[in-house]
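Asks: Residue numbers (the numbering used here): 1 to 169.
Ideal placement from N, C-alpha and C gives every residue a C-beta, glycine not left out.
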């Protein structure tokens, strides 16, 4: 499986590169996690006839990716918010109002996790710890755990979003 996450890998698998790699026998899928809708959509258009194409940032583009024909979603957010898993089934069932509602909340969580100096993986680990879920702890170097005001703001914001979601459900 190819994994396009340029922010962590330091380079990008462009749609043209994925298109060429899709012809190699060992390549069976790509997780397109660039976070760029145009990159995802072009990768899907070029490669989906030969390999599986998964959407990585389902918290931001899950519903449109499913509607466009992706083969699945692979995201870190189900580690902190189980409802994110419902994006697939609700969208596939045509329950788009519900799917979009989850998409909007997932986007709020994403924005919280990556704002004010926070980045995705330390925020995810801190949220997992806060919610009592396994797999939290300190992120691997060179990433550092959240502390101080960024941590407090993350946890307060997460509690508010999840409380609003629980009240609405």
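#1: Going straight from the alpha carbon of residue 38 to that of residue 132, what length do you get?
#2: For residue 75, count neighbouring Cβ atoms within 10 angstroms of its own Cβ and tell me buried if that reaches 16, exposed if not.
#3: With DSSP as the reference, label residue 116 as helix, strand or coil.
#4: Beta-carbon within less than 6 Å of residue 112's beta-carbon, same chain only, minus the 5 sequence neighbours each way: which residues are those?
#5: Does DSSP classify residue 29 as helix, strand or coil?
#6: Compute the distance between the beta-carbons of residue 33 and residue 106, then report whether it is under 8 Å.
#7: Looking at the strands, I want to know which residues DSSP matches up with residue 3.
#8: Which ranges does the beta strand (DSSP E) cover as unbroken runs of at least 3 residues, wholly within the region 15-100, from first to last along the chain?
#9: Since residue 27 and residue 2 are thought to touch, with beta carbons under 8 Å apart, how far apart are those beta carbons, to the nearest angstrom?
#10: Using 8 Å for Cβ pairs, my map puts residue 86 next to residue 102. What's the rounded Cβ distance?
#11: Taking DSSP as the reference, what is the three-state secondary structure of residue 105?
#12: May I have the straight-line CA-CA distance separating residue 95 from residue 88, to the nearest angstrom?
#13: Report yes if the C-beta of residue 157 is less than 7 Å from at least one heavy atom of the ligand MG; otherwise report no.
#14: Please state whether DSSP places residue 157 in a helix, a strand or coil.
#15: Note down the Cα distance separating residue 8 from residue 93, rounded to an integer number of angstroms.
#16: Since residue 78 contacts residue 84 with CB under 8 Å, what's their CB separation in whole angstroms?
#17: I believe residue 30 touches residue 43 by the beta-carbon criterion, under 8 Å. Please report the beta-carbon distance rounded to the nearest angstrom.
Replies: In this structure, then:
#1: 36 Å
#2: buried
#3: coil
#4: 157
#5: strand
#6: no
#7: 31
#8: 29-32, 52-55
#9: 6 Å
#10: 6 Å
#11: helix
#12: 10 Å
#13: Only the bare structure without any ligand can be found here, which leaves the ligand MG out of the picture.
#14: helix
#15: 34 Å
#16: 5 Å
#17: 6 Å
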